[in-house]
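In mature numbering (1 follows the signal peptide of the UniProt record, and there is no 0), the protein residues as written are -21 to -1, 1 to 463. Accompanying notes for the structure given below.
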């Protein structure tokens, strides 16, 4: 549970918060903000992880990769997240500030706004942004004529925000209409790249009718208490995740910090990881999943706490393929259905035999014989190589005409059965051929060297089946067609 214990006035708390310059260059650690005070932001350098898949996202409609093949869309980025507190209209102003007070402004701020997202559905919003599933709803990547860009009305020259269209040359876009509870991610990007160590600054101020009505409720300020951010889903080969206590409402007014972890997320703290006034950041490395906690003691006598669940996923691992219906277990031996079971609790999709991916792990009407399955992690953590599995079954017909296609008939997957014996009869019950686990070539449609005519033929298969501790003898009877 995220809690905030206060012993001073809300006004003082907001004043402390508004003076602290903030930066989180990665979407997954976006800083929660609200509209009750301006936010002082900084940016100098890219993040640890590509927030835009460089192989997929080369242009967002707001930000471009450019002509340099190795370049990234992100230049000196800062990520924020906010939640609408009331229904209404929201905008914001981003003001470029000089590196030195009174100096020349050298930064050129662009932005991209993503949303609305529904927090209750548990999606990985940053993954949706990275793979292009979520596209910007407002943006600016043009050269600004003033020190301001944003949504709404430019406070410097009164310019009204124009309707947003992909590839527009707006420096100000129109307001957004929000509904209480909606989540939005804001990327602020310094087009004038600065990697000289002198972080460039901006001031972010929220505007709009909702803010004018009540700046304390327009955006949900309780989201700011979740200063470690939303729960993070990461991949096992991702860079380290850095959690910062400086993003708390206490800002730098800290006397002691304690970090701990509940590795199984079962309500029991397993380890105190660090404690002390200087433990500002905690680095979480793969694959150390768990719920991480921070407790901050401030110079004002408060205790501020927060927690975040970090889950690392790797390439999916197949646990088993459960045969729901096949020749062995089905009352209808013409139906073959399977269920794919994965070792893990990630968000997966599945494809068999080079088909389309589906969310449902159950596949109907799977062909008998050897099949392949590919399991993909929908969080972007990779896909398995094609994995073979066998469905025991038989073809409904065969055509022994020497063309190399369906020239023989056999029970496919017969080598997976225990002590199989197959007996083939014509429609009058005359015994024609016996097959077993060693005659994998099957029946060629002849009797004593003579081709038999097109007709229906019957078979009986006797085999033993291991049902845990006992081996159960089983018999299946059915028919198939010989076609010439």
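Backbone N, C-alpha and C define an ideal beta-carbon position, used for all residues, glycine too. Quick caveat: nothing in here was measured; it's all calculated off a predicted structure.
Go ahead and pull the three-state DSSP assignment for residue i.
| i | result |
| --- | --- |
| residue 7 | helix |
| residue 288 | strand |
| residue 268 | coil |
| residue 417 | coil |
| residue 114 | coil |
| residue 190 | helix |
| residue 154 | coil |
| residue 31 | coil |
| residue 405 | coil |
| residue 319 | strand |
| residue 394 | helix |
| residue 109 | helix |
| residue 356 | strand |
| residue 368 | strand |
On the DSSP letters alone, give me the boundaries of the beta strand (DSSP E) that residue i sits inside.
| i | result |
| --- | --- |
| residue 213 | 211 to 214 |
| residue 69 | 67 to 76 |
| residue 433 | Counting along the chain, residue 433 falls outside any beta strand (DSSP E), and DSSP gives it neither H nor E. |
| residue 95 | 88 to 97 |
| residue 300 | 297 to 304 |
| residue 238 | 233 to 241 |
| residue 253 | 250 to 255 |
| residue 166 | 161 to 169 |
| residue 327 | 327 to 331 |
| residue 384 | Run containing residue 384: none; DSSP gives neither H nor E here. |
| residue 198 | From DSSP, residue 198 is part of no beta strand (DSSP E); its letter is neither H nor E. |
Would you please state the rounded distance, in angstroms, between the beta carbons of residue i and residue j? I believe it to be under 8 Å.
| i | j | result |
| --- | --- | --- |
| residue 397 | residue 442 | 6 Å |
| residue 95 | residue 161 | 4 Å |
| residue 153 | residue 130 | 7 Å |
| residue 232 | residue 278 | 4 Å |
| residue 467 | residue 150 | For residue 467 there is no data in the structure shown, the boundaries of the chain being -21 and 463. |
| residue 157 | residue 69 | 5 Å |
| residue 269 | residue 244 | 6 Å |
| residue 317 | residue 301 | 7 Å |
| residue 179 | residue 292 | The Cβ separation is near 35 Å, so there is no contact. |
Here's the rule: buried if 16 or more other CB atoms are within 10 angstroms of the residue's CB, otherwise exposed. What is residue i?
| i | result |
| --- | --- |
| residue 407 | exposed |
| residue 4 | buried |
| residue 112 | exposed |
| residue 194 | buried |
| residue 452 | exposed |
| residue 14 | buried |
| residue 240 | buried |
| residue 109 | buried |
| residue 375 | exposed |
| residue 246 | exposed |
| residue 97 | exposed |
| residue 413 | exposed |
| residue 367 | exposed |
| residue 427 | exposed |
Beta carbon of residue i, beta carbon of residue j: below 8 Å?
| i | j | result |
| --- | --- | --- |
| residue 461 | residue 436 | yes |
| residue 387 | residue 422 | yes |
| residue 289 | residue 224 | no |
| residue 322 | residue 337 | no |
| residue 250 | residue 236 | no |
| residue 165 | residue 90 | yes |
| residue 185 | residue 167 | no |
| residue 410 | residue 438 | no |
| residue 324 | residue 358 | no |
| residue 363 | residue 294 | yes |
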